[in-house]
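Beneath this line is the structure, given in structure tokens, with notes to follow.
In the working numbering, the protein residues as written are 167 to 371.
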């Protein structure tokens with residue numbers, strides 16, 4: 167039998183807690199969340215000018231930055247004072263319930279991303295997600311089906327978020343498919359079965 171690899175690779179992807187199946191009630195302003203560490207590689211300096219432009223374009227939005235890190239002062243100084251901007255933190259074990267407060271989650275990584283837990287948690291909480299086509303996120307998002315995927319570019323990111331702000335049907339469609347994606351493919355049960363199969367097939371006595 168011919169193999170073109172010297173090493174057998176068996177990918178086992180990350181998993182997330184699965185949020186409630188009940189559809190979220192959304193009224194009032196469109197709530198957007200950036201829930202990442204405040205560092206350049208996670209897209210702080212890509213998203214900040216986009217957030218500022220969104221706030222100047224749309225009256226019916228709120229943007230929350232959830233996390234901490236060295237770019238916090240950069241974010242605050244770039245966006246300026248606006249009552250529709252919030253900064254907060256949350257515990258990792260509260261991530262799903264935290265994300266369920268929001269309509270849209272943005273994951274604008276500019277480089278170095280594995281199977282993004284932040285992305286999976288947002289999807290599990292029935293957020294419509296916008297992410298960049300970086301690393302492992304390309305193995306999770308099917309563009310226009312369970313999220314919107316863009317290049318790490320300010321113009322593309324602004325356009326994608328604008329679509330979600332103005333199109334309620336698209337938000338609902340993407341968020342429902344996002345939830346079904348993590349429920350079927352990124353649950354802890356799926357992760358456990360993958361490890362069981364690996365161990366049984368490769369480490370039998």
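Quick reminder that beta carbons are idealized off the backbone N, C-alpha and C, glycines included.
Quick caveat: nothing in here was measured; it's all calculated off a predicted structure.
Alpha-carbon to alpha-carbon, residue 302 and residue 279: Roughly 6 Å between the two C-alpha positions.
Selection from 248, 335, 260, 208 that minimises the alpha carbon distance to residue 236: Measuring from the Cα of residue 236, the nearest candidate turns out to be 208.
Buried or exposed by the 16-neighbour rule on C-beta atoms within 10 Å, applied to residue 293: So residue 293 counts as buried.
C-beta atoms of residue 262 and residue 185 nearer than 7 Å: In contact: residue 262 and residue 185 (Cβ atoms closer than 7 Å).
Distance between residue 247 and residue 336 (C-alpha atoms, nearest Å): When rounded, the distance between both Cα atoms is 30 Å.
Residues near residue 212 by beta carbon distance below 7 Å, same chain, minus five either side: Counting only Cβ-Cβ distances below 7 Å, and skipping sequence neighbours, we find 274, 276, 318, 320, 323.
Rounded straight-line distance, which links the Cα of residue 226 to that of residue 281: Straight-line spacing of the CA atoms in residue 281 and residue 226 works out to 32 Å.
Cα-Cα separation, residue 269 to residue 243: Straight through space, the alpha carbons of residue 243 and residue 269 are spaced by roughly 25 Å.
Segments of 3+ residues assigned as beta strand (DSSP E) that fall wholly inside the stretch 187-236: With a minimum length of 3 residues, the continuous beta strand (DSSP E) runs that stay inside the stretch 187-236 are 196-200, 227-232.
Whole-angstrom distance between residue 216 and residue 266, CA atom to CA atom: A straight-line Cα-Cα distance of about 23 Å links residue 266 and residue 216.
Best match in 297, 286, 199 for proximity to residue 353 [C-alpha to C-alpha]: Here the closest residue by C-alpha is 286.
Cβ distance (whole Å) where residue 379 is taken to contact residue 315 below 8 Å: Given a span of 167 to 371 for the chain in the structure shown, any question on residue 379 remains unanswerable.
Meets three-Cβ-pair contact criterion under 8 Å: the stretch 174-181 and the stretch 354-368: Because the criterion of three Cβ pairs below 8 Å is met, the stretch 174-181 and the stretch 354-368 touch.
For residue 291, the first and last residue of its enclosing beta strand (DSSP E): Counted as a single uninterrupted DSSP element, the stretch harbouring residue 291 is not any beta strand (DSSP E), since DSSP gives it neither H nor E.
CA-to-CA distance, residue 210 to residue 219, given in whole angstroms: If I take the Cα positions, the gap works out to 14 Å.
For residue 307, the nearest candidate out of 172, 283, 221, 224 (CA to CA): Of 172, 283, 221, 224, the residue nearest in Cα terms is 283.
Where residue 253 falls: helix, strand or coil (DSSP): Of the three classes helix, strand and coil, the one that applies to residue 253 here is strand, per DSSP.
Extent of the continuous beta strand (DSSP E) run through residue 300: Neither: residue 300 is in no beta strand (DSSP E) and is coded neither H nor E.
Element boundaries [beta strand (DSSP E), containing residue 314]: It spans 314-316 - the beta strand (DSSP E) in which residue 314 sits, taken as one unbroken run.
Presumed contact (8 Å Cβ cut-off) between residue 221 and residue 231, rounded CB distance: Contact check for residue 221 and residue 231: beta-carbon distance about 13 Å, past the 8 Å limit, so the pair fails to qualify.
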